[in-house]
Amino acid sequence: MNRWLGRGINFGNALDAWGDGPELPLDERYFDEVAEAGFDTVRLPVRWSAHARAAPPYAIDPAFFRRVDAGVGAALDRGLRVVVNVHHYHELCAAPEAHLPRFLALWRQIAARYAGHSGRLCFELLNEPRGRLTAVRWNAVLAEALAVVRAADPGRTVLIGPAEMNGLGALPALEVPGDGNLIATIHYYAPFEFTHQGAGWVEGAERWLGRTWGGTADETAVRDDLEKVAAWGREQRLPLFLGEFGAFSGADMPSRTRWTAFVRAEAERLGMSWAYWEFGTDFGAFDLESATWREPLRRALLGDREPAAEIRQ
Ligand code: BGC
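So for the sequence shown, the working numbering puts the first residue at 6; every next one is plus one.
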């Protein structure tokens, strides 16, 4: 497997929060829980666009920057890898030309800020490009953003994912820039009617409630999908990171557990690192209220494995 990022978990709904759903407080003890459970990586989604000026030079709010610093520092201090991205920049997806200068200015500031940091910090250029940020436009935008990062931080590992919400269908259209330090990332939520049943932000999702997952046909569908991803990665000679996968709490726990364990095991068999979506809110592997892991999900992700001391530094 791609041992650099190994096994990870998303700290979703913390620095990417919308303000209208459950939120994860970015508490130090959650980083302890993740490190002690044996995860290697935290993916830290960040909604920079909600905390930066609308006009040049598009300065990021200093207090917000310090919150991100604290999250990055908490992960690195515990020997974890940490992936920082640009999350929920929907205005960029709706109007790519208008927002491109601001997007690049965000990366100029982020890359400069973290240039001296440990190599265990990685950047992911944009979560789930979509809408008017079509595959063709995204190829151009990502090349520009990568050049901005490289100007400040030539050695940093950078993650790039395909258009159409990082779905595997858009992988063939992704143009990989010539650069020796990239990891490709995709998100996997199929079948969507299973993983998103009852999700309030998906129209019609309450109609899918009660859908279960398991059995040979369901497993074969997942295996076929992930094998396509792995084949693309081999062709491109790129390591792969399954940066989001998970099933919303609207599904029954036995099905969620089966799906999570199967996707995770297939990803590992195919040499991919991964990060579960997500730690402590509506897909949560960890129950904030009781401050304990939801054991079936923890086990689906990590089995009984000991912490990966061999890849810590
Ligand atoms: C979004 C979350 C959402 C999750 C699953 C993520 O990329 O940021 O808001 O809960 O996907 O749909």
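All residues carry an ideal CB built from backbone N, CA and C; glycine is no exception. Just so it is clear, the structure is predicted and the values come from calculations on it, not from any experiment.
Check, Outcome
"Residue environment, Leu138, which counts as buried when at least 16 other CB atoms sit within 10 Å", "buried"
"Contact test: Gly17 Cβ vs the ligand ATP heavy atom, cutoff 7 Å", "With respect to small molecules bound, the structure shown includes the ligand BGC and not the ligand ATP."
"From Phe197, Asp292, Arg113, Arg118, residue whose alpha carbon lies closest to that of Val153", "Arg113"
"Cβ neighbour criterion (16 or more within 10 Å) applied to Leu214", "exposed"
"Continuous beta strand (DSSP E) assignments of at least 3 residues falling wholly in the stretch 179-230", "187-193"
"Chain-order list of residues whose beta-carbon lies under 7 Å from that of Met6 (same chain, five-residue window excluded)", "Reliability of the predicted coordinates at Met6 is poor, the pLDDT of 41 falling under 50, and the value obtained from them is presented with this limitation in mind. Within the same chain, Met6 has close Cβ partners Glu273, Gly276, Met277, Ser278."
"Glu38 beta carbon near the ligand BGC (any heavy atom closer than 7 Å)", "no"
"Alpha-carbon spacing of Trp264 relative to Glu271, whole angstroms", "11 Å"
"Where the beta strand (DSSP E) containing Asn90 begins and where it ends", "86-90"
"Sequence-distant residues of the same chain with beta carbon closer than 7 Å to Trp218, five excluded per side", "Phe199, Ser260, Arg263, Trp264"
"Residues that Glu249 bridges to, as DSSP identifies them", "His192"
"Cα-Cα separation, Gln318 to Gly84", "Reliability fails at Gln318, whose pLDDT of 33 lies under 50, so the model's placement of it is uncertain and no value is given."
"C-alpha distance - Ala256 paired with Arg212, whole-angstrom precision", "12 Å"
"Beta-bridge pairing of Cys127 - partner residues as DSSP gives them", "Val88"
"Stretch-stretch touch, CB-based, cutoff 8 Å, three pairs: the stretch 202-212 with the stretch 7-16", "no"
"Contact set for Leu245: own chain, Cβ-Cβ below 6 Å, skip 5 residues either direction", "Ala189, Gly238, Met277"
"Rounded C-alpha distance that separates Ile14 from Asp66", "26 Å"
"The stretch 85-101 in contact with the stretch 124-143 per 3-pair CB rule at 8 Å", "yes"
"Euclidean distance between Cα positions of Gly248 and Gly166", "9 Å"
"Proximity below 8 Å, CB of Pro301 to CB of Met258", "yes"
"Beta-carbon proximity check, Gly251 vs Glu283, cutoff 8 Å", "yes"
"Extent of the continuous alpha helix (DSSP H) run through Tyr35", "33-42"
"Distance CB(Ala57)-CB(Leu111) smaller than 8 Å", "yes"
"Buried or exposed by the 16-neighbour rule on C-beta atoms within 10 Å, applied to Asn171", "buried"
"Exposure of Glu315, with buried meaning 16 or more beta-carbon neighbours within 10 Å", "Its pLDDT being 40, under 50, Glu315 is placed unreliably by the model, and the measurement read from it follows with that caveat. The residue is exposed, with fewer than 16 neighbouring Cβ atoms inside 10 Å."
"Supposed close pair Arg52, Asp21 - CB separation, criterion 8 Å", "5 Å"
"8 Å contact criterion, which Val323 and Pro101 should meet: CB distance rounded", "There is simply no residue 323 to check, as the chain begins at 6 and stops at 318 in what is shown."
"Of the listed residues Arg142, Ala60, Phe16, nearest to Ala80 (C-alpha basis)", "Phe16"
"Cβ shell of Cys127 (< 8 Å), same chain only, five flanking positions each side left out", "Leu10, Arg86, Val87, Val88, Val89, Arg161, Thr162, Val163, Leu164, Ile188"
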